[in-house]
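Under numbering that gives the first Met the number 0, the first residue of the sequence shown is numbered 0, with each subsequent residue one higher.
Glycine included, each C-beta is placed from N, C-alpha and C at the ideal position.
Since we're looking at a predicted model, the values are computed, not measured.
Worksheet for the structure shown next.
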Amino acid sequence: MTDPIILAVPKGRILAEALPLLAAAGIVPEPAFSDEDSRALRFATNRADIDLIRVRAFDVATFVAHGAAQLGIVGSDVLAEFAYSELYAPVDLGIGHCRISVAEPADMAAGDDPRGWSHVRVATKYPHITRRHFEARGVQAECVKLNGAMELAPVLGLAPRIVDLVSSGRTLRENGLVEVETIAEVSSRLIVNRAAFKTRAAVVPLVDAFRRAVAGMEQAA
0 MTDPIILAVP KGRILAEALP LLAAAGIVPE PAFSDEDSRA LRFATNRADI
50 DLIRVRAFDV ATFVAHGAAQ LGIVGSDVLA EFAYSELYAP VDLGIGHCRI
100 SVAEPADMAA GDDPRGWSHV RVATKYPHIT RRHFEARGVQ AECVKLNGAM
150 ELAPVLGLAP RIVDLVSSGR TLRENGLVEV ETIAEVSSRL IVNRAAFKTR
200 AAVVPLVDAF RRAVAGMEQA A
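Now the structure itself:
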């Protein structure tokens, strides 16, 4: 018997938006998937040939790139940060909309102009995206790598600016920060391991099912 296709999905905000798309593509997780007390990480679905794993967003790309999962759902921010050559991103799922932005304390921003920067020190979980963005403008970027609580960095003197995902901007406002520059718009993508796309017969129909699901959602909207 062929091993089931593994679809990696991210914990957190994107997952809630992804579930209707999964259902529209014909994939319904077992009830334990919705159990908030469950510590399980791998789940069966209504299809015997498809299992889900639920991991951190950054790890979705790693599992799929290395072939441990054949497909995944992940933000375009993660794809840009890691730039795995083994990944193919055939479908923009039209969910998880946000942006990668530069933010700084409001009092600093009042007299600041990003066009005049020559050197910046930023706290971010996106050091590669950040460096590429600033290098393209001839700005030297010193990146302090953090995995969370980015908004504390300016307050505690770790770095005067941050580069982070922004959705509503509420977290920034509540921590006295304002956006001063947008680096990239972000949405979630269906990603596929390139080798699996060529060798696993069930992968291509799944990609097509997600395409149809996205088209159906767009028409309904």
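- request: From the DSSP output, in three-state form, read off K124 for me.
  value: Translated into positions along the sequence shown, residue 124 becomes position 125. Three-state DSSP puts K124 in coil, outside helix and strand.
- request: Compare the beta carbon distance of V121 and A108 with 8 Å and say whether it is the shorter of the two.
  value: On the sequence shown, position 122 is the one that residue 121 refers to. On the sequence shown, position 109 is the one that residue 108 refers to. Not in contact: V121 and A108 (Cβ atoms no closer than 8 Å).
message: Let's see if you can read the secondary structure: which residues bound the beta strand (DSSP E) around A43?
response: Here residue 43 corresponds to residue number 44 of the sequence shown, with the count starting at 1. Its beta strand (DSSP E) spans residues 41–43.
- prompt: Do E178 and A102 have their CB atoms nearer than 8 Å?
  reply: For the purposes of this step, residue 178 is taken as the residue at position 179 of the sequence shown. For the purposes of this step, residue 102 is taken as the residue at position 103 of the sequence shown. For E178 and A102, yes; Cβs fall inside 8 Å.
message: As a quick exercise: from P153, G156, R130, pick the residue whose alpha carbon is nearest that of I182.
response: Translated into the one-based positions of the sequence shown, residue 182 becomes position 183. Measuring from the Cα of I182, the nearest candidate turns out to be R130.
query: Taking the C-alpha atoms as reference points, what is the distance between R199 and L176?
result: Locating residue 199 in the sequence shown gives position 200, counting from the first residue. Locating residue 176 in the sequence shown gives position 177, counting from the first residue. Their backbone Cα atoms lie some 47 Å apart in a straight line.
query: According to the Cβ coordinates, are L92 and V203 closer than 8 Å?
result: Position 93 of the sequence shown, counted from the start, is the residue given in the question as residue 92. Position 204 of the sequence shown, counted from the start, is the residue given in the question as residue 203. Their beta carbons are not under 8 Å apart, which means L92 does not touch V203 by this criterion.
- request: Take the Cβ of K289 as the centre, count every other Cβ of all protein chains shown within 10 Å, and call the residue buried at 16 or more, exposed below.
  value: Past the edges of the chain, shown from 0 to 220, lies residue 289, and the structure says nothing about it.
task: Could you check which residue in P159, P9, M216, G215 has the C-alpha nearest to that of G74?
output: As a working note, residue 74 is residue 75 in the sequence shown. Selected option, being the one with the closest Cα: P9.
- prompt: Helix, strand or coil: how does DSSP classify E134 here?
  reply: Here residue 134 refers to the residue found at position 135 of the sequence shown. Residue state, collapsed to three classes: helix.
- prompt: Does DSSP classify T1 as helix, strand or coil?
  reply: Counted from its first residue, the sequence shown places residue 1 at position 2. Note: T1 maps to coil in three-state DSSP.
message: Suppose you measure from the CA of L164 to the CA of I190; what does that come to, to the nearest Å?
response: Taking the first residue of the sequence shown as position 1, residue 164 is located at position 165. Taking the first residue of the sequence shown as position 1, residue 190 is located at position 191. Roughly 20 Å between the two C-alpha positions.
CB contact flag (V119, V138, <8 Å): One-based indexing of the sequence shown puts residue 119 at position 120. One-based indexing of the sequence shown puts residue 138 at position 139. For V119 and V138, yes; Cβs fall inside 8 Å.
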